[in-house]
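The structure appears below as structure tokens.
Protein chains: 2
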Amino acid sequence: MSRRSKLLETFRDLVLNEGERAATLDAVAATAGVSKGGLLYHFGSRAALVDALREHFEQLVTEDLERMRDEGHSPSSWYLRTTVDYSSELERTMAALVRIAPAQEGEVRDALRAARDRWHQAIVDEIGDEQMATVIILLGDGIAYNAELEGGVAGSDSRFAGDREVEHLEQIIAGLRTIRNA
Amino acid sequence: MSRRSKLLETFRDLVLNEGERAATLDAVAATAGVSKGGLLYHFGSRAALVDALREHFEQLVTEDLERMRDEGHSPSSWYLRTTVDYSSELERTMAALVRIAPAQEGEVRDALRAARDRWHQAIVDEIGDEQMATVIILLGDGIAYNAELEGGVAGSDSRFAGDREVEHLEQIIAGLRTIRNA
DNA sequence: GTCTATAGATAGATAGAC
DNA sequence: GTCTATCTATCTATAGAC
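Heads up: the protein sequence lines correspond to chains A and B, in order.
Per our numbering, the very first residue in the first sequence carries number 418; after that it's consecutive.
Per our numbering, the very first residue in the second sequence carries number 418; after that it's consecutive.
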């Protein structure tokens with residue numbers, strides 16, 4: 418991994434683990450084992466770190482949707498199952514952006530909204546039901562929220578954000594679609 | 418409203434509107450129209466502001482549950498309908514605590530978890546179905562997440578967090594419970 | 001209770017050596 | 001590309017006048 422990527426990952430993890438306030442240039446540099454000058458060579462300002470994180474997120478979302486399509490996954494199932502994997506790069510990057518969004522100009526929030534709408538559309542295309550698609554998106558957001566509350570443990574079997582929970586959700590959604598299609 | 422309450426509210430709104438990073442003692446004092454010394458008389462440190470916000474949240478949750486019970490509301494419906502009202506003191510206080518949670522000791526996260534579990538239990542007591550109760554909690558969390566993404570507009574008719582959306586959710590949940598009870 | 005003044009630490013960022 | 005040194009602004013917090 419390039420040094421630049423390593424620094425961006427360190428920034429992201431500090432935002433997630435210690436909060437936006439603790440993710441200072443000093444902290445990023447020290448955690449990544451580099452001097453502040455070294456960090457500032459790759460990212461000329463703190464805002465540049467945020468920008469790079471957003472750009473990385475947009476790329477990850479595109480890759481996620483491409484992979485979903487190329488491997489022929491069901492969008493609704495794919496969305497719930499990838500959302501629950503809080504250890505993935507996509508989920509961690511998105512969670513970090515959600516944290517810092519209010520302090521940023523509109524671009525970060527725009528990127529988050531755009532990603533949500535792309536997933537929503539993919540699910541609508543699959544199941545042809547706007548409201549059910551919204552339910553699935555909301556459930557995914559709820560899972561992510563609760564995963565964060567538990568400290569973001571990957572593969573957790575928490576009552577609110579575990580693997581088993583997703584299986585229950587899928588059964589419930591399957592039941593729902595049955596009655597709505599009847 | 419007491420000056421102390423006014424200052425706490427200002428801190429909370431700064432966290433929500435500008436982010437944790439911008440909610441400094443200087444900013445709180447200036448926004449509330451008081452000097453920094455005046456602020457520090459009421460809250461001896463920044464940590465004291467966070468503590469007071471958490472205590473206020475715990476009290477609001479208790480009042481919310483008492484009101485729900487005393488007025489005889491359906492817990493699942495009450496939860497979804499109060500969650501969508503992003504302008505309420507409870508929702509704003511909770512959202513602010515979610516923002517600052519990672520930077521805090523365990524107490525803030527404990528309070529958030531405890532509140533979630535109290536609402537979950539109330540819904541389980543109503544509908545007698547653990548998994549459906551979890552679905553309702555997750556939908557509520559998803560609504561809150563999306564309300565934040567839209568800037569927390571009260572009474573919004575957003576596709577993801579509006580009043581009409583909650584009516585759809587309630588119809589869907591009602592349908593679900595019908596088939597699960599059959 | 002509220003203020004001003006100020007201390008001491010830390011923030012983001014620049015300059016220039018290597 | 002990475003470092004040290006340093007500047008300036010801002011942050012939390014204290015002291016003490018009113």
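Ideal Cβ positions, reconstructed from N, Cα and C, are used throughout, including at glycine.
- Residues of the stretch 544-556 of chain A whose Cβ lies closer than 9 Å to any Cβ of chain B, in chain order: Glu-547, Gln-548, Met-549, Thr-551, Val-552, Ile-554, Leu-555 and Leu-556.
- The beta carbons of A:Thr-448 and A:Thr-427 sit about 5 Å from each other, so the pair counts as a contact at 8 Å.
- Taken residue by residue, none of the stretch 469-488 of chain A has a beta-carbon sitting less than 9 Å from a beta-carbon on chain B.
- Interface criterion not met: the Cβ of A:Glu-522 is under 8 Å from no Cβ in chain B.
- For A:Ala-439, the chain B residues whose C-beta falls within less than 9 Å of its own C-beta are Pro-519 and Ala-520, listed in chain order.
- The Cβ-Cβ distance between B:Gly-436 and A:Ile-517 falls below 8 Å.
- Under the Cβ distance rule, A:Phe-577 counts among the residues neighbouring chain B, one pair being separated by less than 8 Å.
- Taking CB atoms only, A:Tyr-503 has no neighbour in chain B less than 8 Å away.
- Residue state for B:Met-511 is assigned as helix, using DSSP reduced to three classes.
- With 16 or more other CB atoms across the displayed protein chains lying within 10 angstroms of its CB, A:Ala-513 is buried.
- The beta carbon of B:Ile-560 sits closer than 6 Å to the beta carbons of Thr-500, Val-501 and Ala-578 from its chain, once the five residues preceding and following it are set aside; these are given in chain order.
- Each of B:Glu-472, B:Asp-481 and B:Gln-588 was checked against the Cα of B:Arg-535, and the nearest Cα belongs to B:Asp-481.
- Interface flag for B:Asn-598 against chain A is unset, since no Cβ pair is found closer than 8 Å.
- Remark: three or more beta-carbon pairs, one from each stretch, lie closer than 8 Å, so the stretch 466-473 of chain B and the stretch 519-532 of chain B are flagged as touching.
- In this structure A:Leu-555 is not in contact with A:Leu-507, their Cβ atoms being roughly 19 Å apart against a cut-off of 8 Å.
- Secondary structure of A:Met-418 (DSSP, three-state): coil.
- Residue environment for B:Thr-595: exposed (fewer than 16 other C-beta atoms within 10 angstroms of its C-beta).
- Of the candidates A:Asn-563, A:Thr-510 and A:Met-549, A:Thr-510 places its Cα closest to the Cα of A:Leu-433.
- When rounded, the separation of the alpha-carbon atoms in A:Gly-557 and A:Tyr-496 is 7 Å.
- In chain order, Pro-519 and Ala-520 make up the part of chain B whose C-beta sits under 9 Å from the C-beta of A:Glu-435.
- Membership of A:Gln-538 in the alpha helix (DSSP H) is indicated by the continuous run 523-544.
- Spatial neighbours of A:Arg-463 in its own chain (CB-CB distance under 7 Å, excluding positions within 5 residues in sequence) are listed in chain order as Leu-442.
- Exposure of A:Glu-483 is indicated by the presence of fewer than 16 other C-beta atoms within 10 angstroms of its C-beta.
- Residue burial annotation: A:Asn-598 is exposed, with fewer than 16 other C-beta atoms found within 10 angstroms of its C-beta.
- Collapsing the DSSP output to three states places B:Phe-428 in a helix.
- In this structure, B:Ala-520 keeps its C-beta atom at 8 Å or more from the C-beta atom of A:Ala-564.
- Across the structure, B:Met-549 and A:Val-583 are spaced so that their CA atoms are roughly 12 Å apart.
- With a 10 Å radius around the Cβ and a threshold of 16 neighbouring Cβ atoms, B:Arg-581 comes out exposed.
- Looking at the backbone, the Cα of A:Ser-422 and that of A:Asp-430 are separated by about 12 Å.
- For the alpha helix (DSSP H) assignment, the uninterrupted runs of no fewer than 4 residues enclosed by the stretch 454-503 of chain A are, from N- to C-terminal side, 463-487 and 492-500.
- Ranking B:Leu-425, B:Arg-533, B:Ser-494 and B:Glu-472 by CA distance to the CA of B:Gly-450 puts B:Leu-425 first.
- Distance from the CA atom of B:Asp-546 to the CA atom of B:Ala-539, rounded to whole angstroms, is 11 Å.
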